[in-house]
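In terms of the numbering used here, the sequence shown opens at residue 631 and continues consecutively. Think of the CB as a built atom: it goes at the ideal place given N, C-alpha and C, for glycine as much as any other residue.
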Amino acid sequence: MLVTILRPVSNAQPVLTPSPVEGGLSRSRSRRGRVNMASEQESSNGPVKKSMREKAIERRGINKEHNSNFKAGYVPIEEERLHKTGLRGRKGNIAVCVIVLLFLLALINLIITLVIWTVIRIGPNGCESMEFHETGLLRFKQKADMGIVHPLHKSTVGGRKDQDLVIVGNNNPVVFQQGTTKLSVEKDKTSIVSDAGISFTDPRTQTTFFSTDFENHEFHLPKGVKVLSVKKASTERITSSAASDLSIKGDSKAIIRGNEGVNIMGRTVEFKVGGGIELRAENSIVLNGSVMFNATRIPISAGDGYFDEPGERYKLCMCADGTLFRVQVKYSNMGCQTSDNPCKKAH
């Protein structure tokens, strides 16, 4: 609604008519002033009732203020501006190492638990294969499969009363060793190695059956032992019983040596060698007896007719002093006079 106000103008001056926009603004201002004045007057009297237009204007202002606050806490989403959380760098590597270490410890603990459960057989009712006593005794109630056993100092390994202690090696010898002393029980033989000496004593009667302490005990072979194999033996005398022979054998060679001489006595002394016999002495060698050769054991050539047969032939010769030597027969009617003649060396 447009209102035109006409005022009288003197001197024929032009009449100004307000534009619709200016009129609307003036009317809105005057109306707002009237509304504010009316609201102030009504607020003093009681609650104020707002019109739909006033509520719309108030709501529009609130929304405008709310929309202007959206960018108040805005942070650009960029990797450099974000706050980094978690373990990174060196701390992350340390955390990975700790996790791997804990996993290994858990795996080792699992293996130990399985070994205790399956091998030692420890369950809710105790150990099925072993008993532990307060005196320090460890008793095995079942067969035990072991590799190497290290007993403590001054300890004893034994069996129950009136029962045998059976120790078996599966295709391997059973070895008892302490320091350099060693007892090895094999399928075909039993060997004992000791630098300090060996003695077998009955624990009840303290009777010594066998000992290498020759100063206090005379050495006798145990009953049933017929052969004694040693690499080196030092003794004053070696004898045999009157009803048996004394036989000394060597695989490659046998050396008999005496610091003050060697005396060999017997009803019959027989030497059997594959190579040669060597007698050495600082002063003299005395053979008190007779030296005999069994001609039946010496191979004799059949004659000149068989000289062309393959093989080596030797002739037995003797010097005037009793030295025996052999000469290889290279042709028929060959004598003992050769360049390598021990008789000439003796004279």
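Does residue i come out as helix, strand or coil in the three-state DSSP assignment?
i: Met682; result: helix
i: Arg690; result: helix
i: Ile878; result: coil
i: Val665; result: Bear in mind that the predicted position of Val665 carries a pLDDT of just 44, short of 50, making it too unreliable to give a figure here.
i: Ser914; result: coil
i: Thr748; result: helix
i: Ser698; result: helix
i: Cys757; result: strand
Please report the straight-line C-alpha distance between residue i and residue j, rounded to a whole angstrom.
i: Val787; j: Asn846; result: 29 Å
i: Ile729; j: Asn723; result: 10 Å
i: Glu798; j: Gly952; result: Reading off the sequence, residue 798 comes out as Val, not Glu. Answer to the nearest angstrom: the Cα atoms are 60 Å apart.
i: Lys679; j: Asn693; result: 21 Å
i: Ile750; j: Ala774; result: 10 Å
i: Val815; j: Glu890; result: 39 Å
i: Thr869; j: Arg897; result: 13 Å
i: Gly789; j: Lys862; result: 37 Å
i: Lys574; j: Leu782; result: The chain is shown from 631 up to 977; residue 574 falls before or after that span and cannot be answered.
i: Ser969; j: Ile915; result: 27 Å
i: Pro972; j: Ile885; result: 24 Å
i: Leu717; j: Cys727; result: 13 Å
i: Arg720; j: Leu731; result: 17 Å
i: Asp818; j: Gln772; result: 28 Å
i: Lys853; j: Arg834; result: 20 Å
For the beta strand (DSSP E) that residue i lies in, which residues bound it at each end?
i: Leu851; result: No beta strand (DSSP E) contains Leu851, which DSSP labels as neither H nor E.
i: Tyr944; result: 944-948
i: Thr820; result: 820-823
i: Gln958; result: 954-958
i: Phe901; result: From DSSP, Phe901 is part of no beta strand (DSSP E); its letter is neither H nor E.
i: Ser814; result: 811-815
i: Thr831; result: 829-831
i: Ser841; result: 838-841
Where does the unbroken alpha helix (DSSP H) through residue i begin, and where does it stop?
i: Ile724; result: 720-745
For the ligand COA, is there any heavy atom lying closer than 8 Å to the beta carbon of residue i?
i: Ala736; result: No copy of the ligand COA occurs in the structure displayed, which carries no ligand at all.
Can you tell me whether residue i is buried or exposed? The criterion is at least 16 other CB atoms within 10 Å of its CB, across all chains shown.
i: His780; result: exposed
- request: Would you mind listing the beta strand (DSSP E) stretches within the region 762-805 that are 3+ residues and don't spill past its ends, in chain order?
  value: 768-770
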